[in-house]
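Engineer: Residue numbers (the numbering used here): 186 to 324.
Glycine residues also receive a C-beta, built at the ideal position from the N, C-alpha and C atoms.
Before I ask anything, let me first share the structure, which is written out below as structure tokens.
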């Protein structure tokens, strides 16, 4: 099972890395992608299948609640604090890693269940990002 998970993860990583630039172009404007002879529906299908595999592996390995917390919440928080796509990617990864590390640390120190604590920490980070966005708007 572990070998299958690792192989699928590596396959998805390199697949997304291979199609990344074309997916960015498709997301910015499909018309230009079509003019450049990029098969938009095929690339969208590959990307959606990659997301499905990642979510399925996450649910299989750690459970549904924490998978959602590690996929959706960091992305939402990153959207609140970023101003460009590279910043968005950086902040999404940052919030995901920070929430996980903080949750695991607190879990170890206080003897609390790790999964739910990571979800709570991610939610707190999201709320802090909302506050930051509100403060930035007023400035």
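CB residue 211 to CB residue 198, shorter than 8 Å?
Structural biologist: Their beta carbons are not under 8 Å apart, which means residue 211 does not touch residue 198 by this criterion.
Engineer: Among 186, 263, 274, 292, whose alpha-carbon lies nearest the alpha-carbon of residue 313?
Structural biologist: Out of 186, 263, 274, 292, 263 has the C-alpha closest to the C-alpha of residue 313.
Engineer: Under 8 Å between the Cβ atoms of residue 247 and residue 281?
Structural biologist: No, the pair does not count as a contact, with Cβ atoms beyond the cut-off.
Engineer: Taking Cβ to Cβ, would you say residue 200 is nearer than 8 Å to residue 235?
Structural biologist: Contact: yes.
Engineer: Would DSSP call residue 235 helix, strand or coil?
Structural biologist: Of the three classes helix, strand and coil, the one that applies to residue 235 here is helix, per DSSP.
Engineer: Buried or exposed, going by whether 16 or more other CB atoms sit within 10 Å of the CB of residue 272?
Structural biologist: Residue 272 should be labelled exposed.
Engineer: Check residue 323 in the structure and name its three-state DSSP category.
Structural biologist: Residue state, collapsed to three classes: helix.
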